[in-house]
Every structure is written in C-alpha cells, then in structure tokens.
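Only one structure is covered here, and it is reproduced in the block below.
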Amino acid sequence: MNTSESTEPARGRGGQLAAQRQATIVAEVNSRGAITVAELVERFGVSDMTIRRDLDALDSSGLLHKVHGGATSVGLRSAHEPGFDAKLTQESTAKHAIAQAAASRVRPDSAVGIGAGTTTYALARHLLRIENLTVVTNSARIADVFHSNSRSDRTVVLIGGIRTPSDALVGPIATAALQSLHLDMLFLGAHGVDAEHGLSTPNLMEAETNRAFIAASRQVVLVADHTKWGTIGLSTFAGWNDINIIVTDPGLPPPTRKAMHRTGCELVIAP
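Using my numbering, the first residue of the sequence shown is number 67, and each one after it goes up by one.
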C-alpha cells in the first residue's frame, strides 16, 4: 500500500515534467525551425534516450518532424530555407572543428571558392593565415571576414546576385561570373546530404550557382555536420561523382560512414 501511494505521485510528476519539456521543445522548434538532440540534452539535463523518446512522441502527434540527429518544424519541408542567423548557433562546435580540418587542406598561392553557409563562414576565419590566397565567394558575410583582416597578398572576389534567406548571392549574374573562372579548390556546404540524392538545397537559383561553382573547380570539398545527413532539399546540385572530399564530425553514424566510403570520396572526420 505504501509503495503504491509513493509511486503514483512520482509517475504523475514525471508525466507533468515530460509534458512541460515536450511543450518547450515544440515551441523552440517552431521558433528556430530546427534543433538537435545534443542541444536538447544539454538544455534539459536529461539523457539522449529521453529526448529521442520525446521527439518520437511529438513526431507521432504531428507536432514536429523528427530527423536524423534532431527535429524540424512541421512546416520545414524540401522548399523551406532557414535563415543564416537561425543556423549559425546550431552545431557550432562541430562546425568549427570541420572548418579547421578543411582549412588544413589549403596551400599558399591557391585560388579558392567558398560557397555561402555557416560552416563555410567558420572556414573563412581559419583561412586568414594562408599566404597569397585568392578567394571567390558568393557570401557577403564571408567576404567581410577577409576584408576585416585585410592583407596585401590576398584577393577577395565577391560574386553578386539575388540574396537568399541563407545569405547566399545567387542567380544568373553569379552563375555567369563563375563560368570564366578556374579554382584550385571549392568548399561547399549543403542544406541536405543524402546517399542517394547527393547534395541539395531548397533554393533553385542557389542550386544553379553551386553547379557553376563546381564546374569551375578542380577539387570540391563538402563541409557539413552530421545533422545534414538524411535531409533532402528541393533541388540536387551535386552527385557524389562531383565531390572529392567530405569533411564532417564524429556524430556521423557508422552506417552512414560506410555509405560515404562507397561513394569513392575521401571521408575526413574532424576531431
């Protein structure tokens, strides 16, 4: 009798806490568009398994969309494009590790292309020390990183175009400008990465501009944290035969690593 009396209130309290936590998760996802399991574990101080159970329940209820490594708003589908600032704080530690590992591939006297994105934005800061560097980018934010640390042996070319919610400059003007260039290396992020569908974006014009970037480059490096895997945007802009190197973080599951090895690309796990 005593056991029954003490257990039942605990269950009630646990249920209330779970309901409060899940309500907060839904509010956060709707506000930001997406959130990761790691962020939720840190915020609530509960186990990874607890958060995944919460996401399962909320996904079943139609309140959010569970994806690999986290969750997105139910309105976040293949044509939805999150803003730059919304993505900037997500997986920031992983992005900086990826950026550092990718930057180590760049040598002095190189012409480097850098696509728009928050991981490539982190990469730009790690490239400031490279001597005699020519940078071509379609991101005003990335160009500003180099301009704020100006040096005489660096040339920065900002490709113009129509601005997307993720702060990329895209469209016919950007695409035409890239067609006459020859780059040693290109660093690209992606909205979505999938073993079958390759690299994708919600923006059709950005897809076209990224294809022009790839066509102008001798070597293409994908920089993307593990949460991008399994997401498919509206338009594929690169297949695995277009990519030479993949740089990601240790959160990428073993089965996905095997799938990436089968693409023939070099897979780099940033420490």
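Beta carbons: idealized from backbone N, C-alpha and C, even for Gly.
This one's a predicted model, so the numbers in the text were calculated from it and none came from an experiment.
Buried or exposed for residue i, going by 16 or more other Cβ atoms inside 10 Å?
i      : result
SER232 : buried
GLN86  : exposed
SER159 : Inspection of the sequence shows that residue 159 is occupied by Thr rather than by Ser. It is exposed - the Cβ of THR159 has fewer than 16 other Cβ atoms within 10 Å.
GLY111 : exposed
THR185 : buried
ALA242 : exposed
ALA145 : A caution first: ALA145 carries a pLDDT of 45, below 50, which makes its placement in the model unreliable, though a value can still be read off. Exposed is the call here.
ALA89  : exposed
GLU262 : exposed
ASN269 : buried
GLU157 : buried
ASP315 : buried
SER246 : exposed
Whole-angstrom Cβ separation of residue i and residue j, contact assumed at under 8 Å?
i      : j      : result
THR297 : GLY258 : 3 Å
VAL178 : VAL201 : 6 Å
ASP287 : ASN310 : Checking the displayed sequence, the identity of residue 287 turns out to be Val instead of Asp. Right, their Cβ atoms sit about 7 Å apart.
GLY255 : ALA304 : With a Cβ gap of about 11 Å, GLY255 and ALA304 do not count as contacting.
PHE253 : ILE164 : Contact flag wrong, Cβ pair sits at about 10 Å.
THR302 : GLY330 : Actually they are not in contact, since the Cβ atoms of THR302 and GLY330 sit about 18 Å apart, beyond 8 Å.
THR322 : TRP295 : 5 Å
Is DSSP giving residue i helix, strand or coil here?
i      : result
SER144 : Bear in mind that a pLDDT of 49 at SER144, under 50, signals an unreliable position, so the number given afterwards is only what the model happens to contain. Looking at SER144 - three-state DSSP - the assignment turns out to be coil, as it is neither helix nor strand.
SER126 : helix
VAL95  : helix
VAL202 : strand
GLU105 : helix
GLN285 : strand
THR267 : strand
GLY179 : strand
ARG414 : The structure shown does not extend to residue 414, since the chain is modelled only from 67 through 337, so no value can be given for it.
VAL112 : coil
VAL29  : What is shown of the chain runs 67 to 337, which leaves residue 29 out entirely.
THR241 : helix
THR302 : strand
THR208 : A small fix is needed here, since residue 208 is Ile in this sequence, not Thr. The answer is helix: DSSP assigns ILE208 an H, G or I state.
LEU138 : Rather than Leu, the amino acid found at residue 138 in this sequence is Thr. Of the three classes helix, strand and coil, the one that applies to THR138 here is strand, per DSSP.
HIS248 : coil
ILE311 : strand
ALA100 : strand
ARG195 : coil
MET67  : Residue confidence is low: MET67 scores 40 on pLDDT, short of 50, so the model does not pin down where it sits. No coordinate-derived value is stated.
HIS131 : strand
Taking just the CA atoms, how far does residue j sit from residue i?
i      : j      : result
THR228 : MET271 : Position check: residue 228 holds Ile in this sequence, whereas Thr was assumed. Answer to the nearest angstrom: the Cα atoms are 9 Å apart.
THR102 : LEU300 : 22 Å
GLY128 : VAL92  : 10 Å
THR203 : VAL95  : 31 Å
HIS131 : ALA190 : 32 Å
LEU121 : ALA167 : 32 Å
VAL334 : ALA84  : 38 Å
SER170 : ALA137 : 32 Å
SER216 : ALA206 : 15 Å
ALA273 : ALA336 : 26 Å
VAL313 : ILE117 : 27 Å
ASN276 : GLN82  : 48 Å
ALA234 : GLY183 : 7 Å
GLY317 : ASN198 : 34 Å
LEU249 : HIS134 : 33 Å
VAL172 : ILE208 : 16 Å
I'd like to know whether the C-beta of residue i is nearer than 8 Å to at least one C-beta of chain B.
i      : result
LEU244 : The displayed structure is made up of one protein chain only, and chain B is not part of it.
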